[in-house]
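From first to last, the protein sequence lines stand for chains A and B. Each residue of the first sequence is one higher than the last, beginning at 130 in this note's numbering. Each residue of the second sequence is one higher than the last, beginning at 2 in this note's numbering.
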Amino acid sequence: AQSVTQLGSHVSVSEGALVLLRCNYSSSVPPYLFWYVQYPNQGLQLLLKYTSAATLVKGINGFEAEFKKSETSFHLTKPSAHMRDAAEYFCAVSGSQGGSEKLVFGKGTKLTVNP
Amino acid sequence: NAGVMQNPRHLVRRRGQEARLRCSPMKGHSHVYWYRQLPEEGLKFMVYLQKENIIDESGMPKERFSAEFPKEGPSILRIQQVVRGDSAAYFCASSPRTMNTEAFFGQGTRLTVV
């Protein structure tokens, strides 16, 4: 079975500060890993994905994430936070099991950016 | 190319009524996934469909819930005899091949049961 743990349901940073959102996963098959962002009352938008190519993945809006197999982690970072980054972020894992590549999501981390 | 379209965006139903949620995938996408989001929770997988076939319904409650993706028309998630606990946001995602490639999410239907 696959699972995702996001450490910290709420993270608060100052504008211009480093953003670090933590994600640890568990998977019995080679994982595909994703980060999604959700703005209030909106759907999910894909930020980036890891699909067994480069371990450092660059996404949209200046975000990137590093896949570390030894730590079973896929933390999301951004060097300098902007007010528009305030949203909820979800880490998800997928992997082909029985022909269904459904996503398993973490509970999410709400990011607040203070001026 | 329009994105994944879900309607209605908001739906209010009284206990015991039926709720029908619609999802039109992106053009060319034949894989549809339904997820449910409860407050303070992440999204939970419900069902995975391809045209005219249910591939994985392991996340669907055994009673009152059903889903279809006909050859023509949108995918439908039907909830019969709704209860307060069904209040949630329901999201549909579509992909051209498999979820591991890339999936696009709709804006969701927010169901409120009163």
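Beta carbons are placed, not taken as given, at the ideal position from N, Cα and C, and that holds for glycine. Being a predicted model, the structure only gives us computed values, none of them experimental.
Bounding residues of the beta strand (DSSP E) (the contiguous stretch that carries residue i)
i                        : result
leucine 232 of chain A   : Where leucine 232 of chain A is concerned, there is no enclosing beta strand (DSSP E), given that its DSSP letter is neither H nor E.
leucine 39 of chain B    : Here leucine 39 of chain B belongs to no beta strand (DSSP E), and DSSP marks it neither H nor E.
lysine 197 of chain A    : 193 to 197
lysine 207 of chain A    : 202 to 207
glutamate 217 of chain A : 216 to 223
arginine 213 of chain A  : Where arginine 213 of chain A is concerned, there is no enclosing beta strand (DSSP E), given that its DSSP letter is neither H nor E.
arginine 23 of chain B   : 20 to 25
histidine 11 of chain B  : 11 to 14
glutamine 7 of chain B   : 6 to 8
arginine 111 of chain B  : 110 to 114
Status (buried if at least 16 other CB within 10 Å, exposed otherwise) for residue i
i                        : result
glycine 109 of chain B   : buried
lysine 231 of chain A    : buried
alanine 104 of chain B   : buried
lysine 72 of chain B     : exposed
serine 157 of chain A    : exposed
glutamate 41 of chain B  : exposed
valine 115 of chain B    : exposed
histidine 211 of chain A : exposed
glycine 228 of chain A   : Bear in mind that a pLDDT of 48 at glycine 228 of chain A, under 50, signals an unreliable position, so the model cannot answer this.
tyrosine 36 of chain B   : buried
tyrosine 154 of chain A  : buried
valine 13 of chain B     : exposed
glutamate 200 of chain A : exposed
proline 160 of chain A   : buried
leucine 218 of chain A   : As written in the sequence, residue 218 of chain A is tyrosine, which differs from the leucine given in the question. Tyrosine 218 of chain A should be labelled buried.
glycine 145 of chain A   : exposed
threonine 184 of chain A : exposed
serine 95 of chain B     : buried
alanine 68 of chain B    : buried
histidine 130 of chain B : Past the edges of chain B, shown from 2 to 115, lies residue 130 of chain B, and the structure says nothing about it.
alanine 221 of chain A   : buried
threonine 238 of chain A : buried
Proximity test, residue i beta-carbon vs the ligand FMN heavy atom, cut-off 6 Å
i                        : result
histidine 139 of chain A : With respect to the ligand FMN, the structure shown offers nothing to examine, as it has no ligands at all.
Same chain, Cβ closer than 8 Å to residue i, neighbours up to 5 away in sequence not counted
i                       : result
lysine 207 of chain A   : Leu147, Val148, Asn190, Gly191, Phe192, Glu193, Asp214
glutamate 19 of chain B : Arg79, Ile80, Gln81, Gln82, Val83
valine 186 of chain A   : Leu177, Lys178, Tyr179, Glu193, Ala194, Glu195, Phe196
glutamine 38 of chain B : Leu44, Lys45, Ala89, Ala90, Tyr91, Phe92, Gly109
leucine 173 of chain A  : Tyr165, Val166, Gln167, Phe219
Beta-carbon contacts of residue i that lie in its chain and below 6 Å, excluding the five residues immediately before and after
i                     : result
serine 143 of chain A : Asn243
Neighbourhood of residue i by C-beta, 7 Å cutoff - its chain only, sequence neighbours within 5 removed
i                            : result
glycine 29 of chain B        : Pro97
threonine 134 of chain A     : Asn153, Gly235
glutamine 56 of chain B      : The residue you asked about is not glutamine; residue 56 of chain B is isoleucine in the sequence shown. Within the same chain, isoleucine 56 of chain B has close Cβ partners Tyr49, Leu50.
arginine 16 of chain B       : Val83, Val84, Arg85, Val114
phenylalanine 203 of chain A : Cys152, Tyr154, Leu162, Tyr179, Ala194, Phe196, Cys220
Requested in this report: Tell me the start and end of each unbroken beta strand (DSSP E) in the region 136 to 187 of chain A that is at least 3 residues and wholly inside, in chain order.
Outcome: 139 to 143, 148 to 155, 161 to 167, 173 to 179, 185 to 187
Report task. Residues of the region 16 to 49 of chain B with a CB closer than 7 Å to any CB of chain A: list them in chain order, please. Result -> Flagged, chain order: Tyr34, Glu42, Gly43, Leu44, Phe46, Tyr49.
Requested in this report: Mind checking the region 50 to 63 of chain B against chain A and listing, in chain order, the residues whose C-beta falls within less than 9 Å of any C-beta there?
Outcome: Cβ proximity to chain A below 9 Å picks out Ile56, Asp57, Ser59, Gly60 from the region 50 to 63 of chain B.
Query raised in the report: Taking Cβ-Cβ distances below 8 Å as the criterion, which residues of the region 199 to 217 of chain A are in contact with chain B?
Result: none
**Report entry** the region 160 to 174 of chain A: positions lying closer than 7 Å to chain B by Cβ
**Finding:** Tyr161, Gln171, Gly172, Leu173
Query - Minimum length 3: unbroken beta strand (DSSP E) runs contained in the region 34 to 95 of chain B - result: 44 to 51, 54 to 57, 66 to 69, 76 to 80
Query - Near-chain A residues of the region 71 to 95 of chain B - C-beta to any C-beta below 7 Å - result: For the region 71 to 95 of chain B, which is checked against every Cβ of chain A, the residues closer than 7 Å are Phe92.
Requested in this report: Identify each residue in the region 182 to 199 of chain A for which the Cβ-Cβ distance to at least one residue of chain B is less than 8 Å, and report them in chain order.
Outcome: Those residues of the region 182 to 199 of chain A that come within reach of chain B (Cβ to Cβ, closer than 8 Å) do not exist; the list is empty.
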